[in-house]
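**Student:** This is the structure I want to talk about, given as structure tokens.
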Ligand SMILES: C[S@@+](CC[C@H](N)C(=O)[O-])C[C@H]1O[C@@H](n2cnc3c(N)ncnc32)[C@H](O)[C@@H]1O
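Numbering (the working numbering), first residue to last: 84 to 274.
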């Protein structure tokens with residue numbers, strides 16, 4: 084079997100041409116993803132695997148009284164975002180370098196968001212275990228990734244893994260985006 088070639092995320096400038104492309108709304112329907120999140124101006128969100136900051140910039144606009152944590156494992160993505168957010172004069176975004184098996188989430192999050200990241204996480208059980216310990220019942224945990232023939236991790240596999248870590252499924256949106264699923268989870272109250 085031919086293994087997929089590992090992707091390097093170190094070339095932030097080059098990847099920005101894809102991640103921040105004007106056609107992204109067309110291929111991912113990001114406006115639907117943003118609408119689904121239903122963000123309120125004072126919310127605090129962590130964009131895990133934020134990449135070049137495509138979503139973090141939009142979150143920043145919608146959270147004038149809140150805060151965005153833009154997290155990524157790749158140092159070049161962190162530098163790219165630092166430059167981008169400085170140029171965009173954003174004061175409500177903080178970047179942090181996270182670990183491959185630990186999202187390193189700050190306390191007090193309303194939303195944890197992962198777009199096109201889940202399939203790249205290798206030890207997902209360890210990663211999800213840390214995530215479970217780092218969020219509260221009030222935190223919405225939202226995963227967006229490819230479904231259908233482009234899925235490296237199918238939506239059902241993602242649901243199985245995330246629920247095995249202790250989360251409960253709140254919503255599964257399989258049709259709102261052309262090629263992507265949106266899965267929403269929460270941590271049960273009793274835990
Ligand atoms: C395909 S990009 C998506 C970027 C951004 N979320 C977006 O939708 O534009 C995947 C990003 O996840 C990061 N990444 C990969 N594994 C990660 C992990 N275990 N924890 C956090 N970020 C990770 C990569 O460095 C890369 O920036």
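No residue lacks a Cβ here, since even glycine has one placed at the ideal position from N, Cα and C.
What residue range is occupied by the uninterrupted alpha helix (DSSP H) comprising residue 213?
**Tutor:** Here the question's residue 213 lines up with position 130 in the chain shown. 207–217 is the span of the alpha helix (DSSP H), which, as asked, contains residue 213.
**Student:** Okay, do the segment 128–145 and the segment 188–202 touch, 3+ Cβ pairs below 8 Å being the bar?
**Tutor:** With the cut-off at 8 Å, the segment 128–145 and the segment 188–202 touch.
**Student:** Considering just the uninterrupted stretch of the beta strand (DSSP E) at residue 255, what are its terminal residues?
**Tutor:** Counting from one through the chain shown, the residue named residue 255 turns up at place 172. Segment 251–256, the beta strand (DSSP E) holding residue 255.
**Student:** Using CA atoms only, rank isn't needed, just tell me which of 144, 117, 218 is closest to residue 125.
**Tutor:** Working through the chain shown from its first residue, we reach residue 125 at position 42. Here the closest residue by C-alpha is 144.
**Student:** Excluding five sequence neighbours on each side, which residues of the same chain lie with their C-beta closer than 7 Å to the C-beta of residue 136?
**Tutor:** Residue numbering aside, residue 136 sits at position 53 when the chain shown is read from its first letter. Counting only Cβ-Cβ distances below 7 Å, and skipping sequence neighbours, we find 153, 164, 167, 168.
**Student:** Looking only at its own chain, which residues have a Cβ that is under 8 Å from the Cβ of residue 110, when we skip the five neighbours before and after it?
**Tutor:** Here residue 110 corresponds to residue number 27 of the chain shown, with the count starting at 1. If we look at residue 110 and ignore the five residues flanking it on each side, its Cβ neighbours are 261, 262.
**Student:** Flag this pair as yes or no: are the beta carbons of residue 171 and residue 150 separated by less than 9 Å?
**Tutor:** In the chain shown, the residue the question calls residue 171 occupies position 88. In the chain shown, the residue the question calls residue 150 occupies position 67. No, the Cβ-Cβ distance between residue 171 and residue 150 is not below 9 Å.
**Student:** Could you check the C-alpha separation between residue 277 and residue 134 for me, to the nearest Å?
**Tutor:** With the chain running from 84 to 274 in the structure shown, residue 277 is simply not present.
**Student:** Do residue 102 and residue 159 come within 9 Å of each other at the CB atom, strictly closer than that value?
**Tutor:** Residue 159 sits at position 76 when you count from the first residue of the chain shown. Residue 102 sits at position 19 when you count from the first residue of the chain shown. No, they are not a contact pair.
**Student:** Express the C-alpha separation of residue 123 and residue 236 in angstroms, rounding to a whole number.
**Tutor:** To locate residue 236, count along the chain shown from 1; it is residue 153. To locate residue 123, count along the chain shown from 1; it is residue 40. Residue 236 and residue 123: Cα-Cα distance of roughly 31 Å.
**Student:** According to the Cβ coordinates, are residue 259 and residue 112 closer than 9 Å?
**Tutor:** Counting from one through the chain shown, the residue named residue 259 turns up at place 176. Counting from one through the chain shown, the residue named residue 112 turns up at place 29. Yes, these two residues count as a Cβ contact at 9 Å.
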